[in-house]
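For reference, the structure is listed below as structure tokens.
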Ligand SMILES: Cc1ncc(COP(=O)(O)O)c(C=O)c1O
């Protein structure tokens, strides 16, 4: 039997002297440690159950064989197909990568972002959205946000587009859809790439299309805090640009190209072709493991239930908070706008409440409602200022961000809470706002 097709790290299959892809397999003790980590506990009952698992695993280990590959194998290919289907995109559009930050880099590199190029981003997001352009000396142009959704405001994007704008990166904050029609219209008019930062948006919908599938590219995060996860870290890059799919696939692993070989060697390293005359050398290894792929598939299988639960919890909170003077609860969406409720967004009207959200946050913390850290205006960070961005000047171009961030807006925990916890939180908000209105 001949060798199976292989690359330089692959299991060479059935042969007299094989080359195993996995240098050191995991044994029974290792597997027990995984079980103990993923299903921890203590006490008599736990210890007895664990002992039973130990016996069962020991029996299994006598008759089982370890996996032939741990990195970038069939399971990774399988989850990519599953995600293509879930998102309703062409097969081959989704690429499973190490995290959303790595996915975003693939889109920025397609657009050829370098020093001086302008990148339109929302003023208020996580640093990952802008890390690549900031690191290469591009000019971040901060678009102000919509006062209700706190998503990037297309009207402000329109004002800030110049001849140097190469990419617009809308972020579906908290999983609430951005106004994609307006953004895509601007992008078409000016021939600008759109990359959706859908880190919070997996499964959300805008006018019948899944978030992350509307722009040229979409990037998802499967970090542990997101709605579903691939064992703590992971991301997906979705490409609507057909010609870039294979390029991005190679860029995921340093540009290694198994479709071509140099003399006496197993592969080639090719440059990656982006938009127009953009060509670059991939510099990242964003590979993922088979275990991560299995973990993600399992969570995607029950994702409908996860989204439904988040929606139920958000609906309860919004019902409780609606009609309370000065409180603006999370919008629950409609047939055209289906949020993922990754975050429950709460706003207050400081003029009605008689105080700002910083006071509300302190009161909630005192009462025992956790304060979730949320995203700060990027232009306030030392890294942005150090790159030459003038905080005060930019703040003047983002008046809504300044007002809403300081005075109105916060996130609440939502998922996995009991009915009692949700009730306690709603009561605490209503009470705190009443205290503020009474000048207490
Ligand atoms: C808006 C946004 N974009 C990108 C990311 C980066 O995701 P990852 O941790 O998978 O790199 C995050 C992570 O929280 C995020 O909140």
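In our numbering, the protein residues as written are 1209 to 1648. Note that CB positions come from ideal geometry on N, CA and C, so glycine has one too. None of these values were measured; they are calculated from a predicted model.
Status (buried if at least 16 other CB within 10 Å, exposed otherwise) for residue 1590: Looking up residue 1590 in the chain shown gives position 382. So residue 1590 ends up on the exposed side.
In chain order, each beta strand (DSSP E) run of at least 3 residues that lies wholly inside the stretch 1434-1506: 1443-1447
Ligand 1 heavy atom lying under 7 Å from the CB of residue 1337: Here residue 1337 refers to the residue found at position 129 when the chain shown is read from its first residue. Because some heavy atom of ligand 1 lies under 7 Å away, the Cβ of residue 1337 counts as near it: yes.
Same chain only: Cβ atoms within 8 Å of residue 1647, ignoring 5 sequence neighbours per side: Here residue 1647 refers to the residue found at position 439 of the chain shown. Here the set comprises 1562.
Contact belief for residue 1421 with residue 1315 at Cβ below 8 Å, rounded distance in angstroms: Within the chain shown, residue 1421 is the residue found at index 213, counting from 1. Within the chain shown, residue 1315 is the residue found at index 107, counting from 1. With a Cβ gap of about 14 Å, residue 1421 and residue 1315 do not count as contacting.
Residue 1502 versus residue 1629 - alpha carbon distance: Looking up residue 1502 in the chain shown gives position 294. Looking up residue 1629 in the chain shown gives position 421. C-alpha separation (whole angstroms): 32 Å.
Euclidean distance between Cα positions of residue 1615 and residue 1592: Taking the first residue of the chain shown as 1, we reach residue 1615 at position 407. Taking the first residue of the chain shown as 1, we reach residue 1592 at position 384. Spanning the two alpha carbons is a distance of roughly 23 Å.
Enclosing beta strand (DSSP E) for residue 1373 [first to last residue]: The residue you call residue 1373 lines up with position 165 of the chain shown. First-last of the beta strand (DSSP E) with residue 1373: 1373-1376.
Any non-hydrogen atom of ligand 1 within 7 Å of residue 1543 CB: Residue numbering aside, residue 1543 sits at position 335 when the chain shown is read from its first letter. Result no, Cβ not under 7 Å from ligand 1.
Proximal residues to residue 1228 (C-beta, below 7 Å), its chain only, five neighbours per side dropped: By 1-based counting over the chain shown, the position of residue 1228 is 20. Counting only Cβ-Cβ distances below 7 Å, and skipping sequence neighbours, we find 1219.
Beta-carbon proximity list for residue 1594, same chain, < 6 Å, skipping 5 on both sides: Residue numbering aside, residue 1594 sits at position 386 when the chain shown is read from its first letter. So no residue of the chain qualifies.
Residue 1564 Cβ short of 7 Å to ligand 1 heavy atom set: On the chain shown, residue 1564 is found 356 positions in, with the first residue counted as 1. Checking the Cβ of residue 1564 against ligand 1 gives no.
Distance cut-off 7 Å: residue 1333 Cβ against heavy atoms of ligand 1: Within the chain shown, numbered from 1, the residue matching residue 1333 stands at position 125. Result yes, Cβ under 7 Å from ligand 1.
Under the three-state DSSP convention, the category residue 1606 falls into: The residue you call residue 1606 lines up with position 398 of the chain shown. DSSP places residue 1606 in coil when its eight states are reduced to three.
Which residues DSSP lists as bridging residue 1347, in chain order: For this step, residue 1347 is matched to residue 139 along the chain shown. In DSSP, residue 1347 forms a bridge with 1326.
N- and C-terminal bounds of the alpha helix (DSSP H) containing residue 1530: Along the chain shown, read from residue 1 onward, the residue named residue 1530 stands at position 322. It is not in any alpha helix (DSSP H) - residue 1530 carries neither H nor E in the DSSP assignment.
Check: residue 1307 C-beta below 7 Å from any heavy atom of ligand 1: Stepping through the chain shown from its first residue, residue 1307 is reached at position 99. Residue 1307 Cβ: within cutoff of ligand 1.
Rounded Cβ spacing between residue 1495 and residue 1571 (contact assumed at less than 8 Å): Counting from one through the chain shown, the residue named residue 1495 turns up at place 287. Counting from one through the chain shown, the residue named residue 1571 turns up at place 363. Actually they do not touch by this definition, with Cβ atoms about 46 Å apart.
Cutoff 6 Å; reference residue 1357; Cβ partners in own chain excluding five residues on either side: Locating residue 1357 in the chain shown gives position 149, counting from the first residue. Excluding sequence neighbours, residue 1357 sits near 1384.
One or two residues paired with residue 1353 in a DSSP bridge: Against the chain shown, residue 1353 aligns to sequence position 145. Answer is 1360.
Ordered list of beta strand (DSSP E) runs contained in the stretch 1536-1579, each at least 3 residues: 1552-1556
Beta-carbon spacing of residue 1299, residue 1292 below 8 Å: By 1-based counting over the chain shown, the position of residue 1299 is 91. By 1-based counting over the chain shown, the position of residue 1292 is 84. Taking 8 Å as the Cβ cut-off, residue 1299 and residue 1292 qualify as a contacting pair.
As assigned by DSSP and simplified to three states, the class of residue 1513: Working through the chain shown from its first residue, we reach residue 1513 at position 305. Three-state DSSP puts residue 1513 in a helix.
For residue 1405, the residue or residues it bridges with in DSSP: As a first step, residue 1405 is located in the chain shown; it is residue number 197 there, counting from the start. Residue 1405 is bridged to 1379, 1427.
At least 3 beta-carbon pairs within less than 8 Å: the stretch 1521-1540 vs the stretch 1449-1467: no
Range covered by the alpha helix (DSSP H) that runs through residue 1304: Position 96 of the chain shown, counted from the first residue, corresponds to residue 1304. Taken as a continuous stretch (DSSP letters only), residue 1304 belongs to no alpha helix (DSSP H), being part of the beta strand (DSSP E) at 1302-1305.
Through-space distance from residue 1263 to residue 1610, alpha-carbon basis: If you number the chain shown from 1, residue 1610 lands on position 402. If you number the chain shown from 1, residue 1263 lands on position 55. Going from the Cα of residue 1610 to the Cα of residue 1263 covers about 60 Å.
Reduced DSSP category for residue 1234 - H, G, I as helix; E, B as strand; rest coil: For the purposes of this step, residue 1234 is identified with residue 26 of the chain shown, where counting begins at 1. Looking at residue 1234 - three-state DSSP - the assignment turns out to be coil, as it is neither helix nor strand.
C-beta atoms of residue 1306 and residue 1443 nearer than 8 Å: Walking along the chain shown from the start, residue 1306 turns up at place 98. Walking along the chain shown from the start, residue 1443 turns up at place 235. Yes, they are a contact pair.
Buried or exposed by the 16-neighbour rule on C-beta atoms within 10 Å, applied to residue 1247: Taking the first residue of the chain shown as position 1, residue 1247 is located at position 39. Exposed: under 16 other Cβ atoms inside 10 Å.
Spatial neighbours of residue 1311 in its chain, beta-carbon cut-off 6 Å, leaving aside the 5 residues before and after: Position 103 of the chain shown holds residue 1311. Answer for residue 1311: 1305, 1427, 1443, 1445, listed in chain order.
Test item: CB-CB of residue 1386 and residue 1360 under 8 Å: Here residue 1386 refers to the residue found at position 178 when the chain shown is read from its first residue. Here residue 1360 refers to the residue found at position 152 when the chain shown is read from its first residue. Contact flag set, yes.
Nearest candidate by alpha-carbon position, reference residue 1526, set 1351, 1553, 1378: In the chain shown, counting from the first residue as 1, residue 1526 sits at position 318. The shortest C-alpha separation from residue 1526 is found at 1553.
For residue 1276 and residue 1225, the rounded distance between their alpha carbons: Sequence index remark: in the chain shown, residue 1225 carries index 17 (1-based). Sequence index remark: in the chain shown, residue 1276 carries index 68 (1-based). About 15 Å.
Nearest-angstrom beta carbon gap, residue 1634 and residue 1529 [assumed within contact, 8 Å]: What you label residue 1529 is simply residue 321 of the chain shown in a count that begins at 1. What you label residue 1634 is simply residue 426 of the chain shown in a count that begins at 1. Confirmed, about 6 Å.
Residues that residue 1418 bridges to, as DSSP identifies them: Taking the first residue of the chain shown as 1, we reach residue 1418 at position 210. According to DSSP, which records beta bridges pairwise, residue 1418 is partnered with 1413.
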